[in-house]
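I have placed the structure first, in the form of structure tokens, so that the comments after it can refer back to it.
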Amino acid sequence: HNDGNFRALLRFRVQSGDEVLKEHLLNSAHNAMYTSPDIQNEFIQLIGAEIISQIVKRAIKSRFFTVLANETTDISRIEQFSLCIRYI
């Protein structure tokens with residue numbers, strides 16, 4: 001039974017003793033559990049935005065920083081772009 005990383009993480013948290021999450025998942029209405037693919041994608045976007053915000057704040061506060069960007073096309077002809085920010 002494979003229902004994705006997000007739900008596997010929720011299951012792990014419950015199995016690890018997160019009683020608040022367990023209670024929420026057991027007692028919430030099926031349409032109000034906030035585990036749908038749309039919600040999962042929104043969580044990913046929000047967390048990604050927060051991570052980027054924290055990195056930018058640290059880079060701005062640093063004395064020195066560099067940006068390295070690279071683009072390549074993989075074997076299936078899909079463009080891949082990577083961005084690396086180093087700061088001291």
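Under my numbering, the residue at position 88 of the sequence shown is numbered 88, and the numbers go up by one with no gaps. All C-beta atoms, glycine included, are put in the ideal place defined by N, C-alpha and C.
Problem - Test item: CB-CB of I88 and R58 under 8 Å - result: Their beta carbons are not under 8 Å apart, which means I88 does not touch R58 by this criterion.
Practice task
Drop a sphere of 10 angstroms on the beta-carbon of L10, count the other beta-carbons inside from all chains shown, and report buried for 16 or more, exposed for fewer.
Solution key: Flag for L10 reads buried.
Problem - For Q40 and Y34, the rounded distance between their alpha carbons - result: Taking the straight line joining both Cα atoms gives about 8 Å.
Exercise for the section: Determine, using beta carbons only, whether R86 and T66 come nearer to each other than 8 Å. Expected result: Their beta carbons are under 8 Å apart, which means R86 touches T66 by this criterion.
Exercise for the section: Check whether the Cβ atoms of R13 and L21 sit closer than 8 Å, and answer yes or no. Expected result: When the beta-carbon positions are compared, R13 and L21 come within less than 8 Å of each other.
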